[in-house]
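Inspection log for the structure reproduced underneath, given as structure tokens.
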Amino acid sequence: SAALPLPSAPPSRVRPAPIKPRRRAPLAHFCPGRTPAPARREPPPAPMTAPERSQDPESLLQAGSRRACPCRSLDWCLLVGLCALGAAFLALALFSAWRGLPGPLETPEAPLLPRRMGKEAGAQVLPTSDLIKDRLMEYDHQQGIDGVVFSSHFQYHDTLDKLEVKVGGLYFIYAQLAVKCVVKECSKKQTVKLIINQVSRRSDSPILTISLHLSPKSEETMSKFSAVLRPLKKGDFLYVKMDANKTNSQDWQLDQTNNIDNFFGLFKLPSSAESADQ
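Pasting the structure below:
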């Protein structure tokens, strides 16, 4: 007998792998008539660098947030202060130069004056009276009298009791006032002044004043020497007045014991320029 054919197995069906759908980026909402804005791109991060070490405080501040450094303000204040101080010293120096000359020198006794200088360009005269009262002083100026010096730089006018300067320049002008008590006890208080005046073309002003304050406690003899530097011009006059406060003292007189205790004089400094206009 013929063998019956065996039934064959049905062919296996291979199922394909499921296909995953691709995810699409969501579409931007589109509005008619408008262009979609481009996507924003973040800037790349700045490279990290090590901070530089600096002594300047401003380098530690971020850019755009720098403020005025206090140390810089102090530097400007110090600079302004130094400039103001320098200007003050300069103004003081200019003012001193404008004022020109030092103030009067006062000593109890006259210093030793250069005799050679006085004889060549100086004059020294002595009072003719010892009375203490308000008056215009009269002086002896004749050569040969002990204590008198008179050069050709000057001329004395007896009618005016004034000394005329013939040569201009810078002069050392001096005088000494000496008094003594001529009674047993000088009980009256009094102030005596010797005033040297300068007469120029447009002015008449005092340039030197010597004051003595007399009282019962004063010594028997008193004296004071005073001097001043003064520019004089050719044609200027000098004269001396005594101010006794409108009183005529009988207790005190000018000390004429040595005949050279009271005097008035001047001499020209050799460094001062001579000029016909001075």
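The sequence shown begins at 1 in the UniProt record's numbering and counts up by one. Each residue gets a CB set at the ideal place from its N, CA and C atoms; glycine is no exception.
query = For Leu126 versus Asn262, is the C-beta distance shorter than 9 Å?
reply = In this structure, Asn262 lies closer than 9 Å to Leu126 by Cβ.
key: For Met222: DSSP bridge partner residues   = Bridge partners of Met222: Val179.
Same chain only: Cβ atoms within 7 Å of Asp236, ignoring 5 sequence neighbours per side = Around Asp236: Val165, Gln198, Val199, Ser200.
ask   = What first and last residue would you give for the beta strand (DSSP E) that runs through Ala244?
value = According to the DSSP assignment, Ala244 belongs to no beta strand (DSSP E), since it is labelled neither H nor E.
task = Specify whether the region 224-239 and the region 174-185 touch according to this definition: at least 3 beta carbon pairs, one from each stretch, less than 8 Å apart.
result = Under the Cβ criterion (8 Å, minimum of three pairs), the region 224-239 counts as touching the region 174-185.
ask   = Short check: CB of residue 292 to CB of Gly168, under 9 Å?
value = Residue 292 is absent from the model: the chain starts at 1 and stops at 278.
request  = Select from Pro270, Pro216, Gly144 the residue whose C-alpha is nearest the C-alpha of Val183.
outcome  = Selected option, being the one with the closest Cα: Pro216.
Bridge partner(s) assigned by DSSP for Leu208 = As DSSP reads the structure, Leu208 sits in a beta bridge with Ile196.
task = For residue 292, count neighbouring Cβ atoms within 10 angstroms of its own Cβ and tell me buried if that reaches 16, exposed if not.
result = Given a span of 1 to 278 for the chain in the structure shown, any question on residue 292 remains unanswerable.
ask   = Residues in its own chain within less than 8 Å of Cys181 by CB, not counting five upstream and five downstream?
value = The answer, listed in chain order, is Ser218, Glu220, Thr221, Asp251, Trp252.
ask   = Any heavy atom of the ligand NAD closer than 8 Å to the CB of Ala244?
value = The ligand NAD is absent from the structure shown, which contains no ligand whatsoever.
ask   = Quick one: is Cys186 buried, meaning 16 or more other Cβ sit within 10 Å of its Cβ, or exposed?
value = Burial of Cys186 is indicated by the presence of at least 16 other C-beta atoms within 10 angstroms of its C-beta.
ask   = Residue range of the beta strand (DSSP E) that Leu131 falls in?
value = Where Leu131 is concerned, there is no enclosing beta strand (DSSP E), given that its DSSP letter is neither H nor E.
message = With DSSP as the reference, identify every bridge partner of Glu138, one or two as the case may be.
response = Residue pairing by DSSP places Glu138 opposite no residue, since no beta bridge is assigned to it.
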